[in-house]
Structures are given as structure tokens and as C-alpha cells.
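Count along the sequence shown from 1, then add 78; that gives the number in our numbering.
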Amino acid sequence: MDADPCRGSFEEDRISLHTMIIFSEMIPHAAELMINPFGNYLMQKILDVCNEEHKTMIILVVTQEPGLLVWISLNAYSTRLVHKLVETIKTMKQIFLVKPALRHGFLNLVRDVNGNHVIQRCLHCLSTQDNKFINEDATLIWLHIKMDAACYQNVFLIPLDNNERSS
């Protein structure tokens, strides 16, 4: 055991200071780092040590531009980072920022292997109420597919029946 109890506190403060310095330099480049083959590992480590305020700042950066979080989710390098982000969000503000950002590109997420994993992570980690947008959008997609199938049937199959009758 350390003879000087103040040293432990000093070490923690020093580590915290280093974390803050790294975070302040990194935050303007968060989106770029997320999709980088090596930068995404740095971002994962930062998510491990940052507090909720820092996490909210990261979410603000990646949701400020429409479609950015979806694009990051579709990237093979950054999809695991988005999983981790979804797994660790806790505050209503964080959820409020992430939901519309993912909803913006829901169809792209569902169709892509990496994006689909992000949607599945939301279903697993977020509350039923917070996942309501997924159910609503999935229902809309299903209805569009059904309507397209009905239009296809009307356009292509019914004229065939009429031609068969006339011959």
C-alpha cells in the first residue's frame, strides 16, 4: 500500500487531465476518427473512459450533419464503435440525438449488414419506447413492399389475363 494517500489522488487527477487534453484535441475530428481503421480503436478507448458529458459531445458531433451517423454506421471499421455508443448511451438527451439520426437513414441501415447490426443493437439495448421508431419505419417499409407488389400485379398480371381471354 502507498505510504502517501495523496499520491493516488494526484495520479488520478493527472490521468484525468491527460484524458481531457486528448478529448479536446480529438472531438473536432470524431467522425473522421470513427471511420479510420486505427482511429476507431482510439474512439472506442475514449468511450471507455469518458463521462456522460463527453459522450454527449461525441454524439453531438456525429449527429450534427444529417446522414453522418448512418454513414458511420455503414462503415466496416466504425460499425462496432456505433454499437458501443448505442450500448452505453444513458441520458435522454443522448437518446434524443441518436434516434432521429438513425431514423434518417433507416432503410439504408436495414439493407446493409453493418447497418442492420446497429439496428439490432438498438433493439437489444434501448427501451421499447425508444425503439418505437424502428417498429414504425419497419412497418412502413413492409407496407410499401406490399403496395409495390399489388401495383406490380395490376400492371403486369392483369393485362396477361385479358390477353388470354381475347385469344
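We put the CB at the ideal spot given by N, CA and C, even for glycine.
1) Roughly how many angstroms lie between the CA atoms of residue 190 and residue 144, to the nearest whole one?
2) Quick one: what's got a C-beta closer than 7 Å to residue 113's C-beta in the same chain, skipping five residues either side?
3) Within the same chain, show all residues whose beta-carbon is closer than 7 Å to that of residue 212, passing over the 5 residues directly before and after it, in chain order.
4) Judging by CA-CA distance, which residue of 163, 192 and 177 is the nearest neighbour of residue 132?
5) Which residue comes first and which comes last in the alpha helix (DSSP H) that contains residue 145?
6) Using 10 angstroms around the beta-carbon of residue 204, count the other beta-carbons present and answer buried if the total reaches 16, otherwise exposed.
7) Among residues of its own chain, excluding the 5 on either side of residue 97, which ones have a beta-carbon nearer than 6 Å to its beta-carbon?
8) Within 10 Å of its beta-carbon, does residue 104 have 16 or more other beta-carbons around it, so buried, or fewer, so exposed?
9) Relative to the C-alpha of residue 118, which residue among 94, 158, 102 and 100 is closest?
10) Taking DSSP as the reference, what is the three-state secondary structure of residue 204?
11) By alpha-carbon positions, which one of 101, 148 and 137 ends up nearest to residue 183?
12) Looking at residue 179 and residue 140, is the spacing between their C-beta atoms short of 9 Å?
13) Take the Cβ of residue 207 as the centre, count every other Cβ of all protein chains shown within 10 Å, and call the residue buried at 16 or more, exposed below.
14) Inspect the beta-carbon positions of residue 137 and residue 172 and report whether they are closer than 9 Å.
15) Assuming residue 178 is part of the alpha helix (DSSP H), what are its boundary residues?
16) When DSSP labels each residue in this structure, what does residue 129 get in the three-state scheme?
Reading it off the structure:
1) Going from the Cα of residue 190 to the Cα of residue 144 covers about 18 Å.
2) 150, 153, 155 and 156
3) Excluding sequence neighbours, residue 212 sits near 197, 200 and 201.
4) 163
5) From DSSP, residue 145 is part of no alpha helix (DSSP H); its letter is neither H nor E.
6) Residue 204 is buried by the Cβ-count criterion.
7) 127
8) Its Cβ being crowded by 16 or more others within 10 Å, residue 104 is buried.
9) Nearest of 94, 158, 102 and 100 to residue 118, Cα basis: 158.
10) coil
11) The option with the nearest alpha carbon to residue 183 is 148.
12) yes
13) exposed
14) Yes, they are a contact pair.
15) 170 to 181
16) It is coil, neither helix nor strand.
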